[in-house]
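Single-structure report; data block below.
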Ligand code: SIN
């Protein structure tokens, strides 16, 4: 069968949908594992999009903050490119009716988040940016005739030959398999959060894009840098809900069980220190039994109900009244700075495969992403990928689909083994790491790999992503940004560079443990 599409977009979060719109009127097909909007981290984003919108702010200042939060390994040219493009993309979203918060004078309401030198987070109804942006993108996508959305379809394998990517094996809602072949492929299938037992990410965001690309031979960059959001709400649920950093931007403070602030002695910016520093402080308080909590009462008070409806409603439904009580918090896996390595045009190391969104490692985030730069990078690189791909397409070659009946996609692991993998990542590849724990994690991953001989492609992708992350963490014998190595607690100037690893290299490290 043939569809008109010249490009296959794998994933339907913010990067996938924005890219699809950027291609219009060129025909594209989007694979969306769930109903559009469901299951995407973008929909759950609370804070918003970082952009120098204030007349006293500049993209150069935004780039400077990005570089400084990234702890020595951000690519300055990428920081410049992304921050300079920010205003244009905010205007693009506004043009498709994203209801950004505005003042009575029509200026954007800008929140402050950690490590930003200026309030520059463009938001929607306080903490509903992701949901509102995705709603406007979905509406626009549904009205764009050049976009075919296959809802309930996921990529399970990237197929390659000597020339690069040659197709994608995809599974439909009823489990039927098809090979899809076209001219170019954009991987925008999200991050890795749910590889961890404690995460703020939706359940199917669990390393599938990174794992799939690594298994197809792609180079993975900066895999060791996982960002733990400091203030996930400490509830007995999976995933754990987020208490947006914008609350701290409005003056909420972090306290221990005695009501004492613990950030003031640790960093001059206290609660607005870079995210990795706040996450480590909360992690230590938590493990010392000091019950860290976010206290919004004085700074925000009853306004939290109106201004932060997502956070207040999750608190209320779990028996916490944020107007009168503190909110217990714990760090949780939130964002992967690493991902499929790509150049400034979004091209991966596999010819014909571009990558955008959290699945990509562009060099923007370095060792620690600046808050609300994730959605911004997804927008900017989605548009860059669309332009770069369009320049390379030859007209006339469309999407060929072939039904596959013989392919065995293997057996899914039982809940126990899945939980073993996720708990191992949370216990050993977490906010604090050491050589013993990382080696142990690699041994457990190897055991799981060998135990499941005929494993599902889904589990194979998860194990591949976990292997690359853990091996990269073992190789970085220093502490930098989100990677804190107890055995090497200081940064090492000789290691102030990005890391690049392939799956075969990571497997060699795994098998040496
Ligand atoms: C938040 O609202 O705190 C999350 C923002 C982000 O992860 O960039």
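Numbering (the numbering used here), first residue to last: 18 to 530.
Where is the CB? At the ideal position from N, CA and C, for every residue including glycine.
Sequence-distant residues of its chain with Cβ nearer than 8 Å to residue i (five each side left out)
i	result
residue 397	98, 99, 102, 103 and 106
residue 257	215, 216, 217, 249, 250, 251, 347 and 349
residue 299	247, 248, 271, 309, 346, 347 and 348
residue 420	193, 194 and 195
residue 78	69, 134 and 135
residue 368	180, 181 and 182
residue 73	135
Contact set for residue i: own chain, Cβ-Cβ below 6 Å, skip 5 residues either direction
i	result
residue 452	504
residue 170	48, 187 and 189
residue 522	none
residue 481	228, 231, 232 and 520
residue 463	527
Continuous beta strand (DSSP E) stretch holding residue i: start and end
i	result
residue 171	171-178
residue 135	No beta strand (DSSP E) contains residue 135, which DSSP labels as neither H nor E.
residue 299	That residue, residue 299, is in no beta strand (DSSP E); its alpha helix (DSSP H) goes 292-304.
residue 181	181-188
residue 356	356-358
residue 258	Per DSSP, residue 258 belongs to no beta strand (DSSP E) and is neither H nor E.
residue 227	Here residue 227 belongs to no beta strand (DSSP E); instead the alpha helix (DSSP H) covers 225-232.
residue 420	416-421
residue 348	344-353
residue 507	Per DSSP, residue 507 belongs to no beta strand (DSSP E) and is neither H nor E.
residue 202	201-204
residue 340	It is not in any beta strand (DSSP E) - residue 340 carries neither H nor E in the DSSP assignment.
Cβ shell of residue i (< 7 Å), same chain only, five flanking positions each side left out
i	result
residue 119	125 and 126
residue 302	273, 279 and 309
Where residue i sits in the DSSP three-state scheme
i	result
residue 100	helix
residue 160	coil
residue 387	coil
residue 111	helix
residue 365	coil
residue 46	strand
residue 239	coil
residue 404	helix
residue 312	strand
residue 52	coil
residue 426	coil
residue 470	coil
residue 278	strand
residue 129	coil
residue 515	coil
residue 382	coil
residue 142	coil
residue 25	strand
residue 69	coil
Residue i Cβ short of 7 Å to the ligand SIN heavy atom set
i	result
residue 259	yes
residue 62	yes
residue 13	No statement about residue 13 is possible, as the shown extent of the chain runs from 18 to 530 and does not include it.
residue 382	no
residue 171	no
residue 351	yes
residue 246	yes
residue 389	yes
Environment of residue i [buried if 16+ CB atoms lie within 10 Å]
i	result
residue 428	exposed
residue 277	exposed
residue 133	buried
residue 137	buried
residue 478	buried
residue 351	buried
residue 327	buried
residue 332	buried
residue 226	buried
residue 364	buried
residue 392	buried
residue 291	buried
residue 304	exposed
residue 204	buried
Alpha helix (DSSP H) segment containing residue i, residue limits
i	result
residue 83	76-86
residue 486	474-492
residue 40	31-40
residue 440	432-445
residue 247	From DSSP, residue 247 is part of no alpha helix (DSSP H) but of the beta strand (DSSP E) over 243-250.
residue 331	326-334
residue 523	520-528
residue 263	263-266
residue 58	58-61
Chain D contact for residue i (CB, 8 Å cutoff)
i	result
residue 450	Note that chain D does not occur in the displayed structure, where there is just one protein chain.
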